[in-house]
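Okay, so here's the structure we're looking at.
Protein chains: 2
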Amino acid sequence: MATILTKAERQALPEILPHWTMAAGRDALVRKLVFADFSEAFGFMARVALLAEAMNHHPEWSNVYNRIEITLTTHDAGGLTGKDTGLARAIEQLLV
Amino acid sequence: MATILTKAERQALPEILPHWTMAAGRDALVRKLVFADFSEAFGFMARVALLAEAMNHHPEWSNVYNRIEITLTTHDAGGLTGKDTGLARAIEQLLV
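If you read the sequences in order, they're chains A and B. Be aware that the first sequence starts at -9, since it is given in our numbering, and climbs by one per residue. Be aware that the second sequence starts at -9, since it is given in our numbering, and climbs by one per residue.
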């Protein structure tokens, strides 16, 4: 099972994942994205869905037209693990 | 522009859309769905996305693994219109 991130690993997060912030009141990472329209936003979600399924780690996310909010946490570990930072980094690679 | 549903139209909603409920504190319809897994849930979202894009009317929605919550309202009309009931009915057709 994935283990909760250490203090040192957490201190490195702002550098490794500068576009992700800590969720309010939860041990979770959040990323908000804005696209040109629904087509672009949902197209991106489809790419993230394929990543998530391949990594067997899935986001909590919402979409309103061209906006997406992604929250990552590891439910069975009760907080942030390497699964979350791994998925977040893979998502960032889609945006390069 | 789409017009807000009349009182008579609203009274007909429970019969026309029995799986949809009114959102708390908003003039919006809500539907919660549970699937077997993420693959089924996201596959369904992809089908709804195609419908929404074709109808040029898009949901507010969230997904956590096998669960989806869909909220429909017409932002530029400030509440529920025929666009929402039309999309809700089209979504129900996917589930028949």
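Cβ atoms here follow ideal geometry from the backbone N, Cα and C, with glycine treated the same way. Only a predicted model underlies this, so the values are computations on that prediction, with no experimental measurement involved.
Sequence-distant residues of the same chain with beta carbon closer than 6 Å to residue i, five excluded per side
{"i": "H47 (chain B)", "result": "K73 and L77"}
Min CB distance residue i to chain A below 8 Å
{"i": "H9 (chain B)", "result": "no"}
{"i": "F32 (chain B)", "result": "yes"}
{"i": "F25 (chain B)", "result": "no"}
{"i": "A42 (chain B)", "result": "yes"}
{"i": "A(-8) (chain B)", "result": "no"}
Limits of the unbroken beta strand (DSSP E) element including residue i
{"i": "V54 (chain A)", "result": "E50 to V54"}
{"i": "I58 (chain A)", "result": "R57 to L62"}
Minimum Cβ-Cβ distance from residue i to chain B less than 8 Å
{"i": "A67 (chain A)", "result": "no"}
{"i": "A39 (chain A)", "result": "yes"}
{"i": "E50 (chain A)", "result": "yes"}
{"i": "V54 (chain A)", "result": "yes"}
{"i": "A36 (chain A)", "result": "yes"}
Contacts around residue i, its chain only, beta-carbon distance under 8 Å, and the 5 residues preceding and following it disregarded
{"i": "A42 (chain A)", "result": "H48, P49 and L77"}
{"i": "L19 (chain A)", "result": "L3, L7, W10, T11, M12, A13, T61, L62, T63, L70, D74, T75 and A78"}
{"i": "A27 (chain B)", "result": "Here residue 27 (chain B) turns out to be Asp, not Ala, going by the sequence shown. Excluding residues within five positions, the ones whose Cβ falls inside 8 Å are Y55 and N56."}
{"i": "E82 (chain B)", "result": "L7 and H9"}
Element boundaries [alpha helix (DSSP H), containing residue i]
{"i": "V38 (chain A)", "result": "F28 to M45"}
{"i": "I81 (chain B)", "result": "G72 to L84"}
{"i": "A(-2) (chain B)", "result": "K(-3) to Q1"}
Cross-strand partners of residue i (DSSP beta bridge)
{"i": "M12 (chain B)", "result": "B:L19"}
{"i": "I88 (chain B)", "result": "The requested residue 88 (chain B) is not part of the displayed model; chain B covers only -9 to 86."}
Residue i at chain D interface by Cβ criterion, 8 Å
{"i": "A80 (chain B)", "result": "Among the protein chains of the structure shown, namely A and B, there is no chain D."}
Close Cβ partners of residue i (< 7 Å) along its chain, the five nearest in sequence each way excluded
{"i": "G69 (chain A)", "result": "I(-6), D17 and T63"}
{"i": "A(-8) (chain A)", "result": "T64, A67, T71, G72 and K73"}
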